[in-house]
Structure formats: C-alpha cells, structure tokens
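Peer 1:
Here is the structure:
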C-alpha cells in the first residue's frame with residue numbers, strides 16, 4: 009500500500025461525476041424555482057436534511073453484516089459510527105419525521121430538492137451524483153392527499169410552460185393489480201414474477217408479456233426468461249386489465265373505473281383500491297383536473313415493492329429528438345405514490361404517506377429540447393473591449409451603464425491585445441462587442457461589433473478581403489445613442 | 009467488530025449536521041438568487057463541480073503518507089482510488105481550470121454556490137456541512153480584475169437591500185505588509201508570528217498586538233504567548249501601518265495610500281503593492297465606488313499563507329443583537345483576494361487569480377436580524393378547514409381559488425376533526441383559517457377566522473367564555489366577498 013504518488017497529480021474529474029455549466033445550471037435553477045413556487049403556493053414547506061445520515065438510519069447495512077451496502081457511499085466517523093451519503097430523499101425524510109414527530113403539523117407536507125449519491129458502476133448517462141426533487145404528505149391516508157399531489161404535479165408542468173395535451177399525469181393503484189391477481193386466484197408467491205412481467209409492457213408489448221405470464225420467453229439474443237406459468241385464463245384476465253384495447257387517450261375516467269371494478273370483482277383489496285381512485289377522481293373533477301390533465305391508467309406500476317396504494321406517473325407526450333437523432337415521445341418525467349412503511353423502521357408504527365418525485369434531469373432535458381422554450385436559455389453577454397490600458401476604468405464604467413440598462417455586460421479584465429479579446433468574446437458566446445478606444449473617446453462615439461452577424465457574413469462572403477473592408481457588421485454611433493443602437497441590434501438578431 | 013445493532017435504529021441527526029427549515033431555506037434561496045443575478049449581470053458564469061474530487065487533486069494527503077488528511081471526508085472508490093468530499097470551492101476550481109484550460113475563455117470568470125464538508129470536531133455554531141458562494145477571475149493579474157470583484161461585492165450587498173453606510177468593502181494588500189516588514193528589516197522567519205499577532209488586532213487592540221510583537225503577552229487565563237521579539241522601533245513601524253490613529257471612517261483613499269507609501273519606502277514589494285492599489289482605487293473612483301463603498305484599509309490580513317497580493321473584506325457596520333443579547337456591530341460577511349498558486353499544483357505554472365467568497369450563513373443571519381428586511385420573511389399560508397368529508401373537493405377548489413388570487417393556500421388533507429385542524433393551522437403558522445361547512449355552502453357564505461387576532465384576544469381577555477361567545481376574530485362573509493375580506497384582514501394584520 010506504499011505506492012508512490014506522482015509529485016504533480018493529474019487534473020481529472022472523478023469517474024461517474026460531471027461538471028455542469030452555465031446554460032444547464034441557469035435552466036435548472038429556473039425550472040426548480042418555478043416548481044418550488046407552485047409547491048409553496050400549496051403550502052408545502054421546504055426542508056433540507058444533511059448529505060449524511062447514520063447508515064443504520066438509512067437501513068443500508070448488508071443483511072446479517074455490520075458493513076454498509078456497497079450501493080451507498082459510506083465512511084466511519086470519529087466515534088466509529090458508520091455514516092452514509094443519502095441515496096434518495098425519502099430515507100432522510102423518514103428519519104426527520106421520526107425524530108421530530110411530536111412537533112410537526114400533521115399531516116406534514118414538505119418538499120426537498122437535493123443532491124443524492126449512488127455508489128454504483130457509472131455508465132453512459134448514469135451518474136453517481138444527481139438531483140432529486142420530492143414532495144411528500146406524511147400522516148394522511150385520505151384520497152384528498154393524493155388528489156392534491158396530482159393537482160400540484162399538473163400545475164407545475166403548466167407553470168413550466170407545457171400546454172394541455174403536452175403532458176398527462178396518470179394514476180393507478182397497486183391495490184387494483186393485487187385485486188386482479190386475487191380475483192384471478194394467482195398464488196401470492198407468483199406476485200413478483202407477474203409484476204416484473206407487467207413492468208415490461210412498454211418494451212415487449214402485450215404478446216411479450218403474455219409469453220412471460222405463461223411458459224416464458226426467448227429474447228433476440230436467445231436468452232430464455234422463465235414464465236409465471238399462469239393458466240391462459242389467468243393471463244388473459246391480467247392482460248385485459250393492464251393492456252386494454254378499449255381505453256382511448258381521453259377515455260372518461262368513470263368508464264375506465266367501471267371496467268377496473270369488473271376486473272377486480274370479488275377482491276376486497278381491489279374494491280378498496282377502486283373506492284380510493286373514485287374519490288381521487290371525484291375531487292379532481294370538481295377542482296377541474298379532467299382526463300386531459302390527470303387520467304386513470306392501469307399500466308402504471310412504478311417499481312415493485314415500495315408502493316402500497318395509488319401510484320402516479322407524469323408523462324410528456326410531445327416528440328423530441330433522442331441522442332440517436334430519432335423523433336420519440338418523451339415519456340415519464342416523474343411519479344410517485346402511496347407508501348406506508350415510512351417511519352415504521354424507527355417507531356414500529358405504520359404511518360400513511362404519499363409523495364411525488366420530479367425526474368429533474370429528464371424534465372430539464374425535455375424542456376430544453378422543446379422548441380420555443382426561450383425561458384430556459386441564457387441571454388448572451390455584451391463584452392466591452394479594452395484597447396488602451398489607461399482606458400480600462402472608462403470601459404468598466406461603460407459596462408456598468410449597460411448593466412444599469414438591463415444587459416449582462418462586462419469589460420475585459422485580462423491583459424491581452426485586441427485579437428485575444430475578440431477570441432475571448434467569441435468563447436464567452438457574446439452577441440455584441442463594444443469598443444470605446446481613444447479615437448471614440450475623443451469623438452464621443454462608440455463602435456459596436458455585431459458578432460453574430462459578423463460570423464454569418466464571414467461564412468457567406470467568399471471574398472474575405474472585401475468583407476473586412478466593408479465591415480458590415482460594425483457600426484460607430486454617438487455615445488448618447490449606445491443603448492438604442494444595442495437594442496436595435498438585439499431586436500434584429502432576436503426572435 | 010461484531011457488535012449487535014438494535015433491531016430498530018434510533019432516528020437521530022448525525023453529529024455536526026443540521027436540518028434546515030422553510031424560513032431559513034426560503035430566505036437563503038432569495039439571498040443567493042439576488043447575488044447570482046448581480047454576478048450574472050457582470051458576465052460571471054455559473055459552474056457546478058461534483059461533491060467528490062480525487063484526494064490527490066485536492067492536495068489533501070497527509071505529508072509523506074498515502075492516507076488522506078483527517079480534516080476531509082474520504083473513502084476509497086471501487087478502483088481503489090481515494091475520493092474526498094470538497095472542503096472548499098477553490099480546490100475544485102483549480103482541478104476544473106487545469107483540466108479544461110484550452111477551452112476556457114481567458115480570463116475565466118465563474119461563480120459557484122455549493123455545499124462543502126469538513127471532517128472536524130463540531131461545536132456550537134460549527135457544522136461539518138455548510139454552503140459557500142465564491143466568484144473568481146482566473147488568468148488576469150490586472151488590477152481591473154480586482155476592481156471588478158470589489159464593485160460586484162458592493163453591488164450585491166446593495167441589491168440585498170443594504171444602504172450606503174450599512175456596509176463597506178475594505179481592500180488592502182499582502183504586499184504592503186510584506187513591504188513594511190521588509191522596510192523595517194524584520195527577518196523573514198518572523199513573518200508568520202508577526203502576521204498572527206496582527207490578525208489579533210480586532211480582539212486585543214494595539215497594546216495587545218504591541219506586546220505580541222515584542223516580548224510576548226499573558227492572557228486573562230494566565231497563558232503566556234511568546235512574542236516576535238521585534239525591536240521597539242520595528243514594532244512601532246508595524247503598528248503605525250496596521251493600527252493608524254489618523255484614518256477616519258471616510259478617509260480619502262489617496263491620503264491613506266500616501267501614508268502607506270511612506271511606510272513601505274525602500275521595499276520593492278511594497279512599491280508594487282502600492283501601484284496595484286492605486287490603480288484599483290483609480291478605477292473605482294471613475295466607476296463611482298468611493299470610500300463610502302470601497303475603502304483602502306491596512307488592517308485586512310485574511311489568513312496567513314494563501315494570498316499574494318490585494319486582499320478584500322466586506323464588513324457590515326450596523327448593530328445587531330448577538331446570542332448573548334448584546335448589541336454588537338456585525339462585522340465581516342466575506343472577503344477574498346489575489347492568489348497565484350491555483351493550478352500550479354497540476355501544471356507547475358503559476359496562473360494569476362483573484363476571488364471573493366460570501367460568508368453565506370453569516371450574511372443571511374445579518375439580513376434576517378435586520379429590522380425591516382421583510383423580503384426575507386415567508387408569507388404565512390391560509391388553511392381551508394374541512395368540516396365534512398364529502399365537502400373536501402369543494403374545500404380544495406376554494407384553496408385553488410385563493411392560490412389563483414396570489415395567496416399561499418391549502419385545504420386540510422388529513423383525516424382529523426375540527427380541534428385537530430385548528431391545531432394544525434396553528435402549527436403551520438397560518439394567519440387565516442377559512443371555513444366552508446355545509447351551513448356556509450347552503451347560504452353561499454364563508455367563515456374566516458383571523459388566527460393572529462384570535463391569539464392576541466385570547467391573551468388579553470380574562471373571561472374566556474365571553475371571548476368565545478363574542479368570537480371577535482371570526483366573521484362570516486358572502487362567498488363573492490371572500491378575496492376582499494382576506495385582503496382586508498391581511499392589511500389590518502400586516503406591517
């Protein structure tokens with residue numbers, strides 16, 4: 009273990025992590041602010057828990073061992089206790105609620121935005137650090153709490169500029185699925201394999217799932233997946249529930265619920281799920297969230313073991329280009345549901361809870377990919393070039409005047425000459441370079457270079473010498489006309 | 009190592025960490041947004057680096073060992089490489105600049121807000137996780153870069169609502185101090201002990217520092233601190249520089265610089281520092297940042313070994329109440345300076361850099377303690393109580409209408425009765441409870457409870473029965489008058 013370290017370390021980003029730049033951060037900050045404002049208007053309170061929790065509080069020890077699960081970043085503190093970085097925001101919420109239960113308003117409704125860490129093998133698009141944004145209601149089993157979360161999710165997407173029809177929030181219930189299995193007399197021990205099969209519906213289609221519910225299925229690579237060995241009648245009953253051919257996109261939730269009620273007939277669990285969904289839909293119809301915004305859907309499963317009642321998923325329905333250049337429907341940007349074991353690990357007492365989680369990076373990617381979402385673009389800066397060192401203060405005053413007029417503006421504060429300064433303005437993505445050299449200062453004028461127009465003209469003009477001579481992208485204006493001249497350039501370049 | 013873990017873990021916050029609530033988070037978010045907007049208007053770009061860096065990139069291995077410094081949280085990754093959580097935002101900046109140097113605009117100006125971690129012994133007010141907010145200019149030795157940072161710091165404080173006179177940004181130079189030591193012929197090896205003595209000026213006064221520069225000093229507890237053993241002439245020369253009796257609060261920077269120039273006479277380092285400060289002050293006077301905003305001050309030392317040129321410190325001059333209930337001047341809320349060894353660890357090449365760092369929690373505390381800073385307070389919510397379960401949807405619609413009118417409003421989504429709901433509204437800090445029970449719905453009315461007025465009256469009224477009977481804090485209004493009635497209550501209660 010006594011390896012020699014090089015005297016000069018290599019500057020490199022750790023594997024599975026990333027640096028994020030202005031454009032992404034500004035867009036994400038704006039997106040999170042908008043969602044925060046909606047959640048706050050519903051009276052959800054912000055909460056921030058620390059990055060670390062005691063490993064035992066996270067429930068992340070390996071079974072029958074005193075060593076933390078490898079999936080979490082863990083270390084021992086000075087007291088010899090294991091600490092782990094949070095891998096989601098739900099486990100810290102559980103700790104917080106259990107620790108402060110007496111003093112919290114009940115139900116306790118909080119949102120949290122924060123970084124989470126996974127000590128997993130990184131891959132393309134799979135990072136070991138990312139942002140989560142959760143809102144949860146703890147201490148209410150009422151369908152009103154579900155309805156509120158669904159309304160809030162829909163409101164957030166609209167506050168972000170999405171139109172009706174661009175998105176839909178789907179609601180299902182784990183109790184319905186359990187009810188179908190119960191009504192079809194499918195043995196409890198087959199529940200896991202059946203749920204896993206249903207979860208593949210999007211990818212494999214009804215026939216693929218049918219095979220997995222029956223004998224099994226061989227995939228393209230020749231690998232064979234063992235099936236659930238249901239009878240054909242059982243399989244069809246499950247399929248009729250999760251992959252119905254009748255429900256249109258704007259199907260009336262009442263009619264869908266009727267069909268569900270028949271599918272779970274004879275199951276008490278199923279009947280309970282139906283009653284809850286009916287009440288959620290009743291509230292939503294009175295508050296004006298019809299099927300064009302929130303819709304009952306049987307295909308929502310959302311993971312395997314965590315949820316106990318209603319489950320939600322927000323989906324975007326507009327087309328975007330994926331990394332392979334294909335036009336695809338964007339799909340899920342978040343979801344959630346009901347769960348009951350939140351603080352039972354600490355107190356032994358089941359507390360009803362429900363939450364929604366925004367898929368921050370996915371939603372941001374969707375909004376940035378959406379044409380016309382200018383609100384998620386950063387205004388390029390104006391750079392004041394400095395021709396003579398003694399004039400730097402005047403150049404800085406000029407930048408200050410531009411800022412006072414509402415522009416992002418800066419004077420060049422480096423020590424290089426004109427050519428390097430123009431390169432700087434280019435790397436900064438500046439739209440306009442402003443020049444107030446000694447000549448301009450003597451004449452009371454300012455020279456403006458339209459960098460975007462200049463770049464376009466340079467591309468279009470074959471005779472570069474001619475272009476340089478004409479300098480069509482450069483103009484000199486009276487100092488008093490500076491702000492109007494800049495506004496004119498930006499209008500011409502702008503949308 | 010095979011200790012038994014209890015089956016049910018205790019829900020407890022890890023030592024040295026804290027949970028943060030709505031009021032603090034909302035105020036902090038607003039403060040950071042305002043500063044971000046100022047920095048962005050100067051063309052500084054946001055950057056986010058990951059929480060982890062390779063330990064060697066942070067330079068945090070113990071001397072002559074392959075084990076990370078105990079002050080940082082470290083763990084080994086799957087590849088057997090040591091990773092550490094960042095303990096500041098400067099070391100990650102160094103890694104980022106060294107890794108991406110070719111592609112960055114030069115100078116590279118970025119700001120970063122982020123959590124940092126220190127694996128140190130926690131204490132009162134000393135946490136192991138906190139937020140830093142840095143802005144740095146990398147790749148320019150020009151005084152224009154210093155001037156820009158100082159302007160930006162002053163602009164940020166004013167954007168946060170501070171008035172001229174509430175704050176001052178002080179600028180000094182490490183070169184001046186070095187120049188004084190050089191001019192006073194103080195041996196290089198005494199530099200550290202002299203700097204440490206000067207750093208105690210605020211706490212010990214000139215006489216205390218004089219003792220530490222000479223033979224030494226015994227403190228109240230009787231502990232003796234060895235002095236620097238300077239001659240009395242040397243001590244007085246240093247003291248005349250750092251603790252002058254002549255400079256008033258609004259002393260002209262030109263006059264102060266004259267005095268400094270005499271103090272460092274004969275020292276080349278000192279002369280360089282004077283020239284840089286003169287240019288910074290020249291720029292600031294042209295851009296309108298006079299001594300009431302940015303002022304030359306010899307007392308600014310800012311740590312011991314890191315800074316190489318100009319140093320800055322922002323101080324608040326208004327009185328606040330400290331934890332002991334005493335009225336004190338708030339003091340420093342951030343600072344920074346010039347440093348040259350940023351990326352030398354990676355490249356061997358010194359790159360000039362300068363930065364400012366906002367003391368996030370200190371500045372926030374100052375703004376929250378300041379009377380009249382309403383912008384940092386959260387608007388209390390309106391709670392719609394639910395008397396009958398069947399009316400919950402209508403109550404939620406009512407909350408929705410209140411949100412549409414601009415209020416933070418929620419309908420109670422729990423399952424408890426009236427008494428528990430009023431307790432809930434109280435714990436939520438609600439100002440108004442809105443009741444639309446079956447009676448109200450039948451009559452087209454709404455009942456409003458003014459919870460603040462109610463609480464005050466309950467305190468003032470001796471005869472509780474009488475108070476309950478009169479219910480002066482409760483009124484029933486026509487549904488159409490709901491919004492005006494709420495506005496009337498809020499105006500009455502408001503500032």
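Chains as they are written, first to last, in our numbering: chain P, 9 to 503; chain A, 9 to 503. Glycine is no exception: its CB is placed at the ideal position from the N, C-alpha and C atoms. Since the model is a prediction, treat every value here as computed from it, not as a measurement.
What residues in its chain sit with their C-beta under 6 angstroms from that of residue 354 (chain P), if we drop five residues either side in the sequence?
Peer 2: 106
Peer 1: So that I know if they touch, is there some Cβ in chain P lying closer than 8 angstroms to that of residue 53 (chain A)?
Peer 2: Using a Cβ-Cβ cut-off of 8 angstroms, residue 53 (chain A) counts as an interface residue toward chain P, since at least one Cβ of chain P sits closer than that to its own.
Peer 1: Identify every run of the beta strand (DSSP E) within the stretch 252-322 of chain A, keeping only runs that are complete inside it and at least 3 residues long; order them along the chain.
Peer 2: 302-304
Peer 1: For residue 503 (chain P), count the other beta carbons within 10 Å of its own beta carbon; 16 or more makes it buried, fewer makes it exposed. Which is it?
Peer 2: The predicted position of residue 503 (chain P) is uncertain, since its pLDDT is 36 and thus under 50; no value can be drawn from it.
Peer 1: Quick test of your reading: residue 95 (chain A) and residue 121 (chain A), contact by CB under 8 angstroms. State the CB separation rounded to the nearest angstrom.
Peer 2: Residue 95 (chain A) to residue 121 (chain A), Cβ: 16 angstroms. No contact.
Peer 1: Is it buried or exposed for residue 9 (chain P), if we count other Cβ within 10 angstroms and need 16 for buried?
Peer 2: Only weak support is given to the placement of residue 9 (chain P): the predicted model assigns it a pLDDT of 43, under 50, and the value that follows is read from those uncertain coordinates. It is exposed - the Cβ of residue 9 (chain P) has fewer than 16 other Cβ atoms within 10 Å.
Peer 1: Exposed or buried, residue 494 (chain A), counting other C-beta atoms within 10 Å across all chains shown (16 or more means buried)?
Peer 2: Answer is buried; the Cβ neighbour count reaches 16.
Peer 1: Assign residue 107 (chain A) to one of three DSSP states: helix, strand, or coil.
Peer 2: In this structure, DSSP gives residue 107 (chain A) a helical state, which the three-state scheme calls helix.
Peer 1: According to DSSP, residue 76 (chain A) sits in a beta bridge with which residue or residues?
Peer 2: Looking at the DSSP output, residue 76 (chain A) sits in a beta bridge with A:69.
Peer 1: What is the C-beta distance between residue 33 (chain A) and residue 300 (chain P), in whole angstroms, given that I count them as a contact (C-beta under 8 angstroms)?
Peer 2: 34 angstroms between Cβ atoms; not a contact.
Peer 1: Nearest chain A C-beta to residue 502 (chain P) closer than 8 angstroms, yes or no?
Peer 2: For residue 502 (chain P), the predicted model reports a pLDDT of 40, less than 50, meaning its position is unreliable; a value from the coordinates is still stated below. Chain A contact via Cβ: absent.
Peer 1: Looking at chain P, is there any beta carbon in it that lies within less than 8 angstroms of the beta carbon of residue 290 (chain A)?
Peer 2: yes
Peer 1: Looking at residue 212 (chain A): is its Cβ nearer than 8 angstroms to the Cβ of residue 222 (chain A)?
Peer 2: no
Peer 1: Could you tell me the boundaries of the beta strand (DSSP E) in which residue 365 (chain A) lies?
Peer 2: Here the beta strand (DSSP E) through residue 365 (chain A) covers 361-366.
Peer 1: Here's the rule: buried if 16 or more other CB atoms are within 10 angstroms of the residue's CB, otherwise exposed. What is residue 404 (chain P)?
Peer 2: Taking every protein chain shown into account, the CB of residue 404 (chain P) has 16 or more other CB atoms within 10 angstroms, so this residue is buried.
Peer 1: Around the C-beta of residue 114 (chain A), are 16 or more other C-beta atoms found within 10 angstroms, so that it is buried, or is it exposed?
Peer 2: With a threshold of 16 other beta carbon atoms within 10 Å, residue 114 (chain A) meets it and is buried.
Peer 1: For the stretch 381-408 of chain P, enumerate the residues whose C-beta is nearer than 7 angstroms to any C-beta of chain A, in chain order.
Peer 2: 389, 400, 401, 402, 404, 405 and 408
Peer 1: Alpha carbon to alpha carbon, how far is residue 141 (chain P) from residue 97 (chain A)? Give it in angstroms, no decimals.
Peer 2: 24 angstroms
Peer 1: Taking only the alpha-carbon atoms, compute the straight-line gap between residue 53 (chain A) and residue 30 (chain P) and give it to the nearest angstrom.
Peer 2: The straight-line gap from Cα to Cα measures roughly 5 angstroms.
Peer 1: Kindly say whether residue 155 (chain A), judged by its beta-carbon, lies nearer than 8 angstroms to any beta-carbon of chain P.
Peer 2: So, interface residue.
Peer 1: With a threshold of 8 angstroms between beta-carbons, can residue 30 (chain A) be considered close to chain P, or not?
Peer 2: yes
Peer 1: Locate the beta strand (DSSP E) running through residue 92 (chain A), then write down its first and last residues.
Peer 2: 90-93
Peer 1: Going along chain P in order, which residues have a C-beta closer than 9 angstroms to the C-beta of residue 347 (chain A)?
Peer 2: Per Cβ cutoff of 9 angstroms: no residues; residue 347 (chain A) is ~16 angstroms from chain P at best.
Peer 1: Is the distance from the Cβ of residue 220 (chain A) to the Cβ of residue 208 (chain A) below 8 angstroms?
Peer 2: yes
Peer 1: Could you name the residues of chain A that residue 295 (chain P) contacts, counting a contact when the two beta carbons are closer than 8 angstroms?
Peer 2: 401, 404, 405 and 408
Peer 1: Secondary structure at residue 100 (chain A), three-state DSSP: helix, strand or coil?
Peer 2: helix
Peer 1: Flag residue 148 (chain P) as yes if its beta-carbon sits less than 8 angstroms from any beta-carbon of chain A, otherwise no.
Peer 2: So, interface residue.
Peer 1: Please confirm if residue 107 (chain P) has its CB atom under 8 angstroms from at least one CB of chain A.
Peer 2: yes
Peer 1: Checking contacts by CB at 8 angstroms: is residue 49 (chain P) closer than that to chain A?
Peer 2: It does; some Cβ of chain A falls within 8 angstroms.
Peer 1: If you draw a straight line from the C-alpha of residue 297 (chain A) to the C-alpha of residue 398 (chain P), how long is it?
Peer 2: 18 angstroms
Peer 1: Grouping DSSP H, G and I as helix and E and B as strand, with all else coil, what is residue 17 (chain P)?
Peer 2: coil
Peer 1: Short of 8 angstroms Cβ to Cβ, which residues in the stretch 58-73 of chain A face chain P?
Peer 2: 58, 59, 60, 61, 62, 64, 65, 67 and 69
Peer 1: Nearest CA to the CA of residue 37 (chain P): which residue from P:452, P:168, P:443 and P:276?
Peer 2: Residue 37 (chain P) has its Cα closest to that of P:168, out of P:452, P:168, P:443 and P:276.
Peer 1: For residue 329 (chain P), is the classification buried or exposed, using 16 other Cβ atoms within 10 angstroms of its Cβ as the cut-off for buried?
Peer 2: Answer is exposed; the Cβ neighbour count stays below 16.
Peer 1: Where does the unbroken alpha helix (DSSP H) through residue 421 (chain A) begin, and where does it stop?
Peer 2: No alpha helix (DSSP H) holds residue 421 (chain A); DSSP gives it neither H nor E.
Peer 1: What did DSSP end up calling residue 181 (chain P) once you bin it into helix, strand or coil?
Peer 2: strand
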